[in-house]
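Take a look at the structure below.
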Amino acid sequence: MSVLPIRKIGDPVLRLAAAPVSDFDAELSRLVDDLTQTLAESRGAGLAAPQIGVSLRVFAINPDLPGNDLRLDHLVNPVLEFPDEEDQRGPEGCLSIPGVYLDTKRRLNAVAKGYTKHGDPVQVVGQGLLARCMQHETDHLDGILFLDRQDADDRQRLLDTLREAAWFEGVPVPELRVSPH
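FYI, in the working numbering the residues of the sequence shown are 238 to 418.
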């Protein structure tokens with residue numbers, strides 16, 4: 238297992254739709270281990286494979302998130318479903334956009350279906366923070382960043398703030414998109 242550098246906003250891999258995983262092999266197992274180790278080191282809620290430069294549909298989540306009764310720490314080829322129309326608003330951040338937290342609208346309840354690194358089917362039913370995390374990480378797999386979920390004024394304020402961040406120097410201005418979820 239390795240702790241890998243987290244790609245920052247402006248890196249092209251963050252804007253690609255990740256490819257589905259087809260081989261549940263040792264290489265996938267290493268990727269999941271690297272994701273979980275990098276996530277643990279960063280103390281985040283979730284981390285998607287594109288954030289470490291790998292364009293595959295895999296993400297790691299913190300097994301200690303409230304409601305994560307399975308203590309699941311990753312999901313491969315996730316597909317989200319929403320059992321209702323209930324929304325939540327709350328602060329959201331991203332390891333690829335360090336130090337920025339914005340009030341973000343998400344669905345309150347989400348069901349993620351996918352596989353473990355061994356190819357076993359799994360389903361996670363999430364509410365609140367767990368649902369938010371699963372939606373955020375699945376957005377990463379679709380090339381969407383949480384700033385894409387902000388209204389135009391909030392996006393502009395965010396971009397202005399990012400331009401002032403020391404780590405942002407030389408990073409191309411990110412393209413804004415609309416989330417498919």
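Built from N, CA and C at the ideal position, the CB exists for glycine as well.
As the structure is a prediction and not an experimental result, all values here were calculated from the model.
Helix, strand or coil at residue i according to DSSP, with G and I counted as helix
| i | result |
| --- | --- |
| aspartate 340 | strand |
| histidine 373 | helix |
| phenylalanine 383 | helix |
| aspartate 270 | helix |
| alanine 347 | strand |
| valine 258 | coil |
| alanine 282 | coil |
Residue from the options whose Cα sits closest to the Cα of residue i
| i | options | result |
| --- | --- | --- |
| aspartate 324 | Leu293, Gln364 and Leu332 | Gln364 |
| arginine 326 | Ala368, Asp390, Asn299 and Gly283 | Ala368 |
| valine 269 | Val295, Gly336, Ala347 and Asp301 | Val295 |
| leucine 345 | Thr353, Val313, Gly304 and Gly380 | Gly304 |
| tyrosine 338 | Lys350, Leu395 and Glu322 | Leu395 |
| aspartate 248 | Ser292, Thr353, Ala277 and Arg392 | Ser292 |
| alanine 277 | Arg267, Ile246, Ala297 and Ala286 | Ala297 |
| glycine 290 | Val250, Ser259 and Pro328 | Val250 |
| valine 258 | Gly356, Asp340, Val348 and Ala282 | Gly356 |
| alanine 254 | Leu265, Arg267 and Ala286 | Ala286 |
Delimiting residues of the alpha helix (DSSP H) encompassing residue i
| i | result |
| --- | --- |
| leucine 395 | 389-401 |
| arginine 244 | Element bounds for arginine 244: n/a, residue is neither H nor E. |
Residue i, buried or exposed, once every other Cβ within 10 Å from all chains shown has been counted against 16
| i | result |
| --- | --- |
| leucine 307 | exposed |
| aspartate 310 | buried |
| glutamine 360 | exposed |
| leucine 284 | buried |
| aspartate 376 | buried |
| valine 316 | exposed |
| lysine 342 | exposed |
| glutamate 329 | buried |
| proline 320 | exposed |
| proline 358 | exposed |
| glycine 336 | exposed |
Beta-carbon gap between residue i and residue j smaller than 8 Å
| i | j | result |
| --- | --- | --- |
| serine 239 | aspartate 262 | no |
| isoleucine 243 | leucine 302 | no |
| tyrosine 352 | asparagine 314 | yes |
| glutamine 372 | alanine 347 | yes |
For residue i, the first and last residue of its enclosing beta strand (DSSP E)
| i | result |
| --- | --- |
| leucine 312 | 311-318 |
| proline 328 | 324-331 |
| glutamine 364 | 358-364 |
| proline 295 | The sequence shown places valine at residue 295, not proline. Start and end: 295-298. |
| glycine 290 | First-last for glycine 290: undefined, no H or E at that position. |
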